[in-house]
Each structure stands twice: as C-alpha cells, then as structure tokens.
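Okay, structure first, notes after.
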Amino acid sequence: MLPELKFAHIKAKLPIIQGGMAVRVATCRLAAAVANEGAIGVIAGTGLSVQRLREEIQRARKMTSGYLGVNVLFAASQFAQLVKTAMVEKIDFIVSGAGFSRDIFAWGKELNVPVLSMVASARVARLAEKLGAAAVVVEGKEAGGHLGTDRSVFELLPEVLEAVEIPVIAAGGIMNGEDIAKALGMGANGVQMATRFVASEECEANVKFKEKYLHSMPEDSVLIDSPVGLPGRAIRNQFTERLKNGERLETRECRNCLKNCSHRFCILDALEKAVDGDVENGLVFSGEFFHRIKEILPVRKIIEQLVSEYEQYRCKRSGTQ
Ligand SMILES: Cc1cc2nc3c(=O)[nH]c(=O)nc-3n(C[C@H](O)[C@H](O)[C@H](O)COP(=O)(O)O)c2cc1C
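Read left to right, the sequence shown gives residues 2 to 322 (this note's numbering).
Have a look at this one:
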C-alpha cells in the first residue's frame with residue numbers, strides 16, 4: 002500500500018501532491034478533484050489577481066474537505082500579496098519556487114501556515130530547513146515550467162535526503178506508479194506530479210492545450226529562456242521556434258507581472274494564450290515525459306491507475322527478490 006504523506010499538520014492518505022501550474026492550468030477544480038481522492042491539490046496563484054486567488058481558494062474549499070495548497074512563484078511581482086492572501090484564507094500550506102524567499106517563513110509563522118520550498122540542490126534544501134520549511138520539493142530537469150537545474154531528480158534526491166531531516170518530495174518526470182515506487186524506494190516521502198494531471202477532465206485548460214500533450218513527439222520537449230531569467234521546459238510549437246530563431250515578439254501592454262523581467266517576450270501573455278487554446282502562438286509549459294500520456298482521464302481514474310501500477314510494481318519486485 003502507498004504510505005501516507007505527513008508534514009506539519011498534514012496527513013494525506015496518498016503521498017502525491019499535484020504540482021502548481023500557472024497560469025490557470027491548476028485551478029480550484031483540478032486541485033479539489035485531486036484532494037478528493039486522498040492526494041493533495043495545489044492551486045497556482047501566479048498570474049492571478051489577489052481577488053481571483055481568494056475566489057479560487059473559497060471555491061475549492063466548497064468542492065473538497067481534503068488538503069489544499071497554493072503555489073506562488075517568487076519571481077512574481079505580486080508574490081507577497083498572493084502568499085499572504087492564501088495564508089489569510091487559511092490554506093493548508095504554501096509552496097514557492099523560481100527563486101528563494103526568506104520572508105515567506107516569517108509570514109508562515111505569523112499566520113500559522115506551513116511553507117514548502119521547491120529546491121534544486123542540497124544547499125538550498127538545507128537553507129530552507131534552517132529557515133523553517135515544513136518540507137522541500139526537490140525538482141529535477143524533467144519538470145515542466147521553470148527549472149533550477151539540469152540534473153535529474155533521481156540524481157538530486159539522494160543528496161537532498163542526505164542534507165535534511167524534514168520530508169522530501171520528489172518532482173519532475175514522475176508519470177506512473179513505477180516512478181512513484183522508485184522515488185519512495187530511494188527514500189522520498191512523496192512525489193509531486195503536474196504533467197500527468199494536465200491531461201485530466203478536471204484541468205480547466207482548453208482541450209487544445211491538453212491535446213498538445215497527447216499529440217506531440219518525445220523530441221518536442223524543448224527548453225526556452227524565460228524572461229524570469231531561468232530556463233523553462235515547454236513543448237515545441239511555432240512560438241518556441243520563433244524564440245529560437247531570435248525573432249522579435251510583439252507584446253501587449255506590460256502588466257509588470259515579474260519582479261525582474263528580461264522583456265524578451267511577455268510570459269504572462271504567452272502562457273494565457275496557450276491555456277486558452279492558442280497552442281501555436283502561446284507557450285505550452287510541460288514536463289519532459291508528456292508523450293507517455295495516452296488519454297485524458299478523470300482525476301479519479303488517474304489516481305486509481307497510479308495506485309494499481311505502484312502495487313503491481315511492488316508485487317513484481319517482491320516476487321523477484
Ligand atoms: C503547465 C505547467 C505549469 C507550471 N507552473 C508552475 C508554477 O506556476 N509554479 C511552480 O512552482 N511550478 C510550476 N510547474 C512545475 C510543476 O509544479 C511540477 O513541479 C513539475 O512540472 C513536475 O514535473 P512533471 O510535470 O513532470 O510531473 C509547472 C508545470 C507545468 C507542466
């Protein structure tokens with residue numbers, strides 16, 4: 002049986018966190034569906050207004066009594082306002098990545114909300130633990146969106162486990178029950194999965210966004226230079242080709258969504274376009290292994306599959322030992 006995932010006051014039946022996905026890919030509907038299955042749902046706060054994030058949390062609470070977190074990228078200019086809003090709304094925990102905030106730990110203590118840090122090295126994991134993180138999510142190069150490393154999660158995991166005593170959650174390229182067994186077998190307390198949950202019925206991204214995952218080829222996983230100042234993993238399309246060719250990309254009026262922006266292109270525009278269905282002119286963030294997904298399923302089915310694949314793999318392993 003899959004073990005529970007425990008950190009701070011949280012005791013989830015399944016050791017699976019659904020990764021935050023901005024902009025508007027991981028909304029209340031997806032997060033609540035995941036939480037209803039005994040795993041942990043996460044609403045992506047980045048790119049939302051404070052009011053919209055508040056509504057997302059309140060709606061999610063009406064849809065589930067399970068555990069819910071909010072993810073906000075440190076790079077977002079609204080970082081502090083969004084994090085504090087989620088904390089005031091009594092979200093179960095906050096998870097933050099793409100840069101490192103020290104302040105968030107003080108806000109978490111003051112408002113009594115656990116904080117998880119996304120890390121890509123043992124050094125940053127140690128720092129997060131020292132500052133009071135309830136757990137760390139170690140994310141490898143297989144992950145979708147902004148990346149802090151070019152190393153595999155399975156290479157980083159032992160180093161992070163060695164460095165900290167708080168729970169460690171593995172993220173990046175975890176697609177099935179066998180991957181979960183592998184991560185837990187190495188000592189991880191849980192996994193964070195995002196790409197697999199995009200191709201779910203409850204994900205509110207336009208169906209063309211989900212179909213892009215289903216119909217692209219393995220070699221279409223590409224890295225772009227994000228205006229955030231980090232590489233980002235996405236699916237090749239006309240937009241990524243134009244970036245690669247150094248073309249000038251028009252931007253609508255700047256909404257100052259980032260603390261520091263290279264202004265190479267507008268990431269908010271590009272992500273919004275894609276999630277609304279313009280998957281050639283927008284930016285389709287995705288983990289490396291989207292091509293392993295064969296169909297769009299309800300979250301319940303995805304989780305059932307993960308659990309049964311995990312059990313089967315464990316049985317097979319114990320039979321051969
Ligand atoms: C479409 C998309 C958007 C993402 N947006 C965010 C985000 O806003 N904040 C964040 O910390 N991580 C973000 N990620 C990373 C995921 O939360 C997760 O850690 C990672 O993708 C895990 O790898 P997997 O997708 O292979 O499961 C995003 C990933 C995807 C696929």
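Even for Gly, the Cβ is constructed at its ideal location relative to N, Cα and C.
- For aspartate 226, the beta-bridge partners assigned by DSSP are Pro232.
- If you ignore the 5 residues before and after alanine 235, its C-beta comes within less than 7 Å of the C-beta of Val223, Ile225, Thr241, Leu284, Val285, Phe286, Ser287, all in its own chain and listed in chain order.
- Annotation: the continuous beta strand (DSSP E) that includes phenylalanine 94 extends over 94-98.
- Beta-carbon to beta-carbon, isoleucine 92 and isoleucine 58 are separated by about 6 Å, close enough to satisfy the 8 Å threshold.
- Residue side-chain check: glutamate 220 keeps its Cβ at 7 Å or more from all non-hydrogen atoms of ligand 1.
- Per DSSP, reduced to three states, the secondary structure at leucine 117 is strand.
- Distance from the C-beta of valine 137 to the nearest heavy atom of ligand 1 is not below 7 Å.
- The nearest non-hydrogen atom of ligand 1 is less than 7 Å from the C-beta of serine 287.
- Taking C-beta atoms under 8 Å as the contact rule, valine 161 and valine 137 qualify, at a distance of about 7 Å.
- Contact between the stretch 51-65 and the stretch 5-15 is absent: fewer than three C-beta pairs spanning the two stretches fall below 8 Å.
- Exclusion of the five residues before and after glutamate 143 leaves Ser153, Val154, Gly173, Gly174, Gly288, Glu289, Phe290 as the residues of its chain whose Cβ lies within less than 7 Å of its Cβ.
- For the alpha helix (DSSP H) assignment, the uninterrupted runs of no fewer than 4 residues enclosed by the stretch 170-257 are, from N- to C-terminal side, 178-186, 196-199, 208-216, 239-245.
- Under the DSSP assignment, lysine 295 falls outside any alpha helix (DSSP H); it carries neither an H nor an E label.
- Between the stretch 273-282 and the stretch 299-314, the count of Cβ pairs shorter than 8 Å is below three; the stretches do not touch.
- Counting C-beta pairs closer than 8 Å gives three or more between the stretch 190-202 and the stretch 19-33, which meets the contact rule.
- For leucine 298, the CB contacts under 8 Å within the same chain, skipping 5 residues up- and downstream, are Ala200, Ser201, Glu202, Gln306 in chain order.
- At the C-beta level, phenylalanine 75 and serine 50 stay beyond 8 Å of one another.
- In the three-state DSSP reduction, alanine 23 falls in the coil class, being neither helix nor strand.
- With a threshold of 7 Å, the Cβ atom of glutamine 193 counts as near ligand 1, since some heavy atom of the ligand is closer than that.
- Counted as a single uninterrupted DSSP element, the stretch harbouring lysine 260 is not any alpha helix (DSSP H), since DSSP gives it neither H nor E.
- If you look at glutamate 140, you'll find it in the beta strand (DSSP E) that goes 136-140.
- Judged by their CB atoms, threonine 47 and alanine 77 are nearer to each other than the 8 Å cut-off.
- With respect to the C-alpha of glycine 39, the residue from Ala99, Pro4, Leu132 having the closest C-alpha is Pro4.
- Around lysine 12, the same chain offers Glu5 as residues with beta carbons nearer than 7 Å, after the five sequence neighbours per side are excluded.
- Of the candidates Arg318, Ile105, Gly230, Gly230 places its Cα closest to the Cα of threonine 150.
- Membership of lysine 110 in the alpha helix (DSSP H) is indicated by the continuous run 104-112.
- Collapsing the DSSP output to three states places leucine 49 in coil.
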